[in-house]
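Student:
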Amino acid sequence: MERPLEATRMENSTSSCFLMERKTHVKINRKEVMLAKLRKSCSCTPKKLKNFVMDFLPVLRWLPKYQCKEYIWGDVMSGLVIGIILVPQAIAYSLLAGLKPIYSLYTSFFANIIYFLMGTSRHVSVGIFSLISLMVGQVVDRELLLAGFDLNDDAPPALGDGSLQNDSQSNTTAFNLTITGMNAECGKECYAIGIATALTFVAGVYQVLMGIFRLGFVSMYLSESVLDGFATGASLTILTAQVKYLIGIKIPRSQGHGMLVITWINIFRNISQANLCDVITSAICIVVLATAKELGDRYKHKLKFPLPTELVVIVVATLVSHYGKLNEVYASSVSGAIPTGFIPPKVPHFNLMLRVAVDALPLAIVSFVFTVSLSEMCAKKYAYTIRANQEMFAVGFCNIIPSFFHSFATSAALAKTLVKTSTGCQTQVSGVISAMVVLLVLLFLAPLFYSLQKCVLACIIIVSLRGALRKFRDVPARYHVNKVDTLVWVVTMSASALISTEIGLLVGIVFSMLCIIVRTQRPRTALLGQIQDTSFYEDDLEYENLSSVPKVKIFRFEAPLYYANRNYFLKSLYRLTNLDPNLEAARRKKYEKKEKQHLKKGGDTTANGLGIRDTTLQLVPKQIDFQALVVDCSSISFLDTTGVNTLKEILKDYKDLNISVLLACCNPSVIDSLKRGGYFGKDFGSMQEMLFYSIHNAVRFAKDQKLPADCSV
Numbered sequence: 006m007e008r009p010l011e012a013t014r015m016e017n018s019t020s021s022c023f024l025m026e027r028k029t030h031v032k033i034n035r036k037e038v039m040l041a042k043l044r045k046s047c048s049c050t051p052k053k054l055k056n057f058v059m060d061f062l063p064v065l066r067w068l069p070k071y072q073c074k075e076y077i078w079g080d081v082m083s084g085l086v087i088g089i090i091l092v093p094q095a096i097a098y099s100l101l102a103g104l105k106p107i108y109s110l111y112t113s114f115f116a117n118i119i120y121f122l123m124g125t126s127r128h129v130s131v132g133i134f135s136l137i138s139l140m141v142g143q144v145v146d147r148e149l150l151l152a153g154f155d156l157n158d159d160a161p162p163a164l165g166d167g168s169l170q171n172d173s174q175s176n177t178t179a180f181n182l183t184i185t186g187m188n189a190e191c192g193k194e195c196y197a198i199g200i201a202t203a204l205t206f207v208a209g210v211y212q213v214l215m216g217i218f219r220l221g222f223v224s225m226y227l228s229e230s231v232l233d234g235f236a237t238g239a240s241l242t243i244l245t246a247q248v249k250y251l252i253g254i255k256i257p258r259s260q261g262h263g264m265l266v267i268t269w270i271n272i273f274r275n276i277s278q279a280n281l282c283d284v285i286t287s288a289i290c291i292v293v294l295a296t297a298k299e300l301g302d303r304y305k306h307k308l309k310f311p312l313p314t315e316l317v318v319i320v321v322a323t324l325v326s327h328y329g330k331l332n333e334v335y336a337s338s339v340s341g342a343i344p345t346g347f348i349p350p351k352v353p354h355f356n357l358m359l360r361v362a363v364d365a366l367p368l369a370i371v372s373f374v375f376t377v378s379l380s381e382m383c384a385k386k387y388a389y390t391i392r393a394n395q396e397m398f399a400v401g402f403c404n405i406i407p408s409f410f411h412s413f414a415t416s417a418a419l420a421k422t423l424v425k426t427s428t429g430c431q432t433q434v435s436g437v438i439s440a441m442v443v444l445l446v447l448l449f450l451a452p453l454f455y456s457l458q459k460c461v462l463a464c465i466i467i468v469s470l471r472g473a474l475r476k477f478r479d480v481p482a483r484y485h486v487n488k489v490d491t492l493v494w495v496v497t498m499s500a501s502a503l504i505s506t507e508i509g510l511l512v513g514i515v516f517s518m519l520c521i522i523v524r525t526q527r528p529r530t531a532l533l534g535q536i537q538d539t540s541f542y543e544d545d546l547e548y549e550n551l552s553s554v555p556k557v558k559i560f561r562f563e564a565p566l567y568y569a570n571r572n573y574f575l576k577s578l579y580r581l582t583n584l585d586p587n588l589e590a591a592r593r594k595k596y597e598k599k600e601k602q603h604l605k606k607g608g609d610t611t612a613n614g615l616g617i618r619d620t621t622l623q624l625v626p627k628q629i630d631f632q633a634l635v636v637d638c639s640s641i642s643f644l645d646t647t648g649v650n651t652l653k654e655i656l657k658d659y660k661d662l663n664i665s666v667l668l669a670c671c672n673p674s675v676i677d678s679l680k681r682g683g684y685f686g687k688d689f690g691s692m693q694e695m696l697f698y699s700i701h702n703a704v705r706f707a708k709d710q711k712l713p714a715d716c717s718v
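Under this note's numbering, the first residue of the sequence shown carries the number 6, and numbering increases by one thereafter.
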């Protein structure tokens, strides 16, 4: 049975009183609740086991209900289109990851199959993603350098090679540890995919652990501005990394901070060595791809499915390169041999996992955030629900399981997801169709891409960055909407491009949180005036025709009151009310002291006495034009200990000046904090004269102290 915690009466505009009662909430024994949940979780029944399996594999719930006649055509069409787009993109993104194209195809195949089994989104396309490929490639390149490999040389170095002796002791040690630890003489390609699979496995483990411990809230710290800035900065890095392939020059692959700047310096230093064949090919491919994309975007409402421009460009370019012997005659760099079939599975090496454990954390977070964001976007658009926690499990196992099959990290991709929805996708059966297209290439067609020029792949990557690079065009509009969000975008983008992608993401998160803290440190404050002939009050600097309330000041503070903004709260209050109670109290004490000294001298009016009188006049207390201060607490969401003490302080200081302090529009959390902090006294007896549920009631109480006590609050 509930009893009133506090029963107060409130007055409305018609002067009638109604009762406001606080509910009594039953105190929860958290220990008992935890034990009950633990017992329930540990119990095992056939029904519970069945539900667990079906929750873990959502395909078991929706596939038996699959409406074949209604869904199959859209799923097959979207699956074929995505598969056709996926093959050239997978081959192209292998450049970003620093791996052979075959591994990108493995990644695309396994990710689609696993997400089909475990995903809760019907439309999202999970697979290889440019941003994730870049993050993997940066770790792979760094570890290759530390192991003593030449990033521009495909030949594996001999263990006794004298060039390794010139490296630092730490690099040589790292090389010996990792190579001999893998129980084989591992070449550059072998070591690179070993790093990538170890990184992918650890990232997947992180994602599964986050799912187990319900840590999906981490994604809330990645605001839209942070994600957009991060994606744009990473896109600049991706574009920079592809320029050397566009113009056919050989420059060292830069690593570490400032990679973008160093790469551009090396490009301009070696621009004279550009391969004319690659330059011409790149120009033609970019014009064709960009034009087709723009036309496709403009007339997409008339097209039943997107034009497979990338596939057409790859087929034509491969034929021209093969029959024109561009590699032999013009030394144009080509993709090389792509084997068919599957390499036997292999467990990622534990020593390599330890080396990349830190790098896997931002990779896991970015992969999860993009997947969940796109899943929620599709679910909202098509009116169904997803389970964010299951999405974390799904993308986690899309990384863990394929890492045993020589695949690297995956995520949902925006461009392919939009294509998937626009081509009639209904369920994740379309993902299986896409996987079958990739499987066809893996088993039979992969060797046909031997003569495909790398500059063509670079063109595909660069044109795919159009969406992210267009964010620069949105900066003025973003600035017009919110200047702080624009600043967060600029800082995140700059850090991601000029320092590194991982540090850029961290800088963006920290800077975004600092902006929130700063905005609560110096929030908006105002004195309120009354809207004529109403019971409503608003900022008198923002609205016309507001009337001030005689003898009453109404102060609004638009933020939580806590330790970081306590001083700003007091300064703003004193400035707007034109009264610092501490200074005024000190002035009055000095005045009283001077008066006593003057009276002791018998009110002397001599020249010396006049001097005392002049000094005393300077200390005469100022005339205070209000007798009550109403604090509008409607925007104060919470109080900490410092906030409660601050309100107690102003209550005491103003009381010394015979000014009453009234609080209005406090939420239950603030009221509870005030009660626990002793603001209303030990027995809360003065609460009805200090706390009001509307500004108007507080003002009326201040103007008319004869208001009946049972109608005050």
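For each residue, glycine too, the CB sits at the ideal point set by N, CA and C.
Skipping 5 residues on each side, what residues in its chain have a beta carbon closer than 7 angstroms to that of R529?
Tutor: Here residue 529 corresponds to residue number 524 of the sequence shown, with the count starting at 1. Same-chain partners within the cutoff: E563.
Student: Considering only their Cβ atoms, is the gap separating C671 from L696 smaller than 8 angstroms?
Tutor: Residue numbering aside, residue 696 sits at position 691 when the sequence shown is read from its first letter. Residue numbering aside, residue 671 sits at position 666 when the sequence shown is read from its first letter. Cβ atoms of L696 and C671: closer than 8 angstroms.
Student: Cα separation between E333 and H327?
Tutor: To locate residue 333, count along the sequence shown from 1; it is residue 328. To locate residue 327, count along the sequence shown from 1; it is residue 322. Computed Cα separation, rounded: 10 angstroms.
Student: Using a 10 Å radius around the Cβ and a threshold of 16 neighbouring Cβ atoms, would you call R274 buried or exposed?
Tutor: Indexing the sequence shown from 1 puts residue 274 at position 269. Per the 10 Å Cβ criterion, exposed.
Student: Using the Cα positions of S240 and N587, report the straight-line distance between them to the nearest angstrom.
Tutor: Within the sequence shown, numbered from 1, the residue matching residue 240 stands at position 235. Within the sequence shown, numbered from 1, the residue matching residue 587 stands at position 582. The alpha-carbon atoms of S240 and N587 are separated by roughly 57 angstroms.
Student: Taking 7 angstroms as the limit between beta carbons, can you name the residues of its chain near H701, skipping five residues before and five after?
Tutor: As a position in the sequence shown, residue 701 is number 696, starting the count at 1. Only S540 meet the Cβ criterion.
Student: Per DSSP, which one or two residues make a beta bridge with S412?
Tutor: Along the sequence shown, read from residue 1 onward, the residue named residue 412 stands at position 407. Note: S412 sits in no beta bridge, so no partner.
Student: For D630, which option in Q602, E597, K307 and N583 has the closest C-alpha, if you only look at C-alpha atoms?
Tutor: Working through the sequence shown from its first residue, we reach residue 630 at position 625. It is N583.
Student: For the segment 120-132 against the segment 457-476, do three or more pairs of beta-carbon atoms, one drawn from each stretch, fall closer than 8 angstroms, so that the two count as touching?
Tutor: Counting Cβ pairs under 8 angstroms, fewer than three are found: no touch.
Student: Considering Q535, what are the terminal residues of the alpha helix (DSSP H) in which it resides?
Tutor: Residue mapping note: residue 535 aligns to position 530 of the sequence shown, counting from 1. Here Q535 belongs to no alpha helix (DSSP H); instead the beta strand (DSSP E) covers T530 to I536.
Student: Between the Cα of V207 and those of S99, V361 and L139, spot the shortest distance and give me the residue it belongs to.
Tutor: Stepping through the sequence shown from its first residue, residue 207 is reached at position 202. Selected option, being the one with the closest Cα: V361.
Student: Could you check the C-alpha separation between R392 and L65 for me, to the nearest Å?
Tutor: As a first step, residue 392 must be located in the sequence shown, where it is residue number 387. As a first step, residue 65 must be located in the sequence shown, where it is residue number 60. Roughly 15 angstroms separates the two Cα atoms.
Student: Check the DSSP bridge columns for G132 and list the partner residues they point to.
Tutor: Locating residue 132 in the sequence shown gives position 127, where the first residue counts as 1. Answer is S416, bridged to G132.
Student: Pick out whichever of S48, M82, W67 and F218 has its Cα sitting closest to the Cα of F398.
Tutor: The residue given as residue 398 occupies position 393 in the sequence shown. Checked all of S48, M82, W67 and F218; the closest Cα to F398 is F218.
Student: Taking the beta carbon of Q628 as the centre, do at least 16 other beta carbons fall within 10 Å, making it buried, or is it exposed?
Tutor: Working through the sequence shown from its first residue, we reach residue 628 at position 623. Looking at its Cβ environment, which holds fewer than 16 other Cβ atoms inside 10 Å, Q628 is exposed.
Student: Can you tell me whether Q278 is buried or exposed, with buried defined as 16 or more other CB within 10 angstroms of its CB?
Tutor: Counted from its first residue, the sequence shown places residue 278 at position 273. Label assigned to Q278: exposed.
Student: Is the beta carbon of Y455 closer than 8 angstroms to that of G341?
Tutor: As a first step, residue 341 is located in the sequence shown; it is residue number 336 there, counting from the start. As a first step, residue 455 is located in the sequence shown; it is residue number 450 there, counting from the start. Yes; because the gap between Cβ atoms is below 8 angstroms, this pair is in contact.
Student: How about D637 and L551: are their beta carbons less than 8 angstroms apart?
Tutor: In the sequence shown, residue 637 corresponds to position 632, counting from 1. In the sequence shown, residue 551 corresponds to position 546, counting from 1. No, the Cβ-Cβ distance between D637 and L551 is not below 8 angstroms.
Student: Along the chain, where does the alpha helix (DSSP H) containing L357 start, and where does it finish?
Tutor: Locating residue 357 in the sequence shown gives position 352, counting from the first residue. Looking at the DSSP string, the run of the alpha helix (DSSP H) that includes L357 is F355 to K386.
Student: Can you tell me which residues form a DSSP beta bridge with E543?
Tutor: Counting from one through the sequence shown, the residue named residue 543 turns up at place 538. Note: E543 sits in a beta bridge opposite G534.
Student: Buried or exposed, going by whether 16 or more other CB atoms sit within 10 Å of the CB of P481?
Tutor: Looking up residue 481 in the sequence shown gives position 476. When all chains shown are included, P481 counts as exposed.
Student: I need the boundaries of the beta strand (DSSP E) containing A669, first residue and last residue.
Tutor: By one-based count along the sequence shown, residue 669 stands at place 664. Run containing A669: S665 to A669, per the beta strand (DSSP E) assignment.
Student: Contact check, G209 vs G509 under 8 angstroms by CB: the rounded distance?
Tutor: Taking the first residue of the sequence shown as position 1, residue 209 is located at position 204. Taking the first residue of the sequence shown as position 1, residue 509 is located at position 504. So it is not a contact: roughly 23 angstroms between Cβ atoms.
Student: Taking a contact to mean a Cβ-Cβ separation below 8 angstroms, would you say L667 touches A703 in this structure?
Tutor: Indexing the sequence shown from 1 puts residue 667 at position 662. Indexing the sequence shown from 1 puts residue 703 at position 698. For L667 and A703, yes; Cβs fall inside 8 angstroms.
Student: Given a cut-off of 8 angstroms, decide if S408 and T205 are closer than it, judged by their beta-carbon atoms.
Tutor: Locating residue 205 in the sequence shown gives position 200, counting from the first residue. Locating residue 408 in the sequence shown gives position 403, counting from the first residue. In this structure, S408 lies closer than 8 angstroms to T205 by Cβ.
Student: Suppose you measure from the CA of V284 to the CA of Y226; what does that come to, to the nearest Å?
Tutor: Here residue 284 corresponds to residue number 279 of the sequence shown, with the count starting at 1. Here residue 226 corresponds to residue number 221 of the sequence shown, with the count starting at 1. About 43 angstroms.
Student: Taking all protein chains shown into account, decide if K249 is buried (16 or more other Cβ within 10 angstroms of its Cβ) or exposed.
Tutor: In the sequence shown, residue 249 corresponds to position 244, counting from 1. So K249 ends up on the buried side.
Student: I119: which of Q433, M358 and Q72 sits nearest, CA to CA?
Tutor: Numbered from its first residue, the sequence shown carries residue 119 at position 114. For I119, the nearest C-alpha among the options comes from Q433.
Student: Taking 8 angstroms as the limit between beta carbons, can you name the residues of its chain near V437, skipping five residues before and five after?
Tutor: Start at 1 with the first residue of the sequence shown, and residue 437 comes out as number 432. These residues qualify, in order along the chain: G84, N117, I118 and F121.
Student: Compute the beta-carbon to beta-carbon distance between L357 and A463, rounded to the nearest angstrom, for a pair I have assumed lies under 8 angstroms.
Tutor: Position 352 of the sequence shown, counted from the first residue, corresponds to residue 357. Position 458 of the sequence shown, counted from the first residue, corresponds to residue 463. The C-beta separation of L357 from A463 comes to about 28 angstroms, leaving the pair out of contact by the 8 angstroms criterion.
Student: Let me check understanding here. Comparing Cα to Cα, which of T422, D661 and L139 lies closest to S380?
Tutor: By one-based count along the sequence shown, residue 380 stands at place 375. When each option's Cα is compared against that of S380, the closest is T422.
Student: Among S640, C195, L312 and I348, which residue has its Cα nearest to the Cα of L300?
Tutor: One-based indexing of the sequence shown puts residue 300 at position 295. Measuring from the Cα of L300, the nearest candidate turns out to be L312.
Student: In three-state DSSP terms, what is D630?
Tutor: In the sequence shown, counting from the first residue as 1, residue 630 sits at position 625. In this structure, D630 counts as coil in the three-state DSSP scheme.
Student: Express the C-alpha separation of E547 and K595 in angstroms, rounding to a whole number.
Tutor: Reading the sequence shown from its first residue, position 590 is the one you call residue 595. Reading the sequence shown from its first residue, position 542 is the one you call residue 547. Looking at the two C-alpha atoms, the distance is approximately 39 angstroms.
Student: Leaving aside the five residues before and after I90 along the sequence, list all residues of the same chain whose C-beta is less than 8 angstroms from its C-beta, in chain order.
Tutor: The sequence position of residue 90 within the sequence shown is 85, counting from 1. Here the set comprises P311, P313, E315, L316, K421 and V424.
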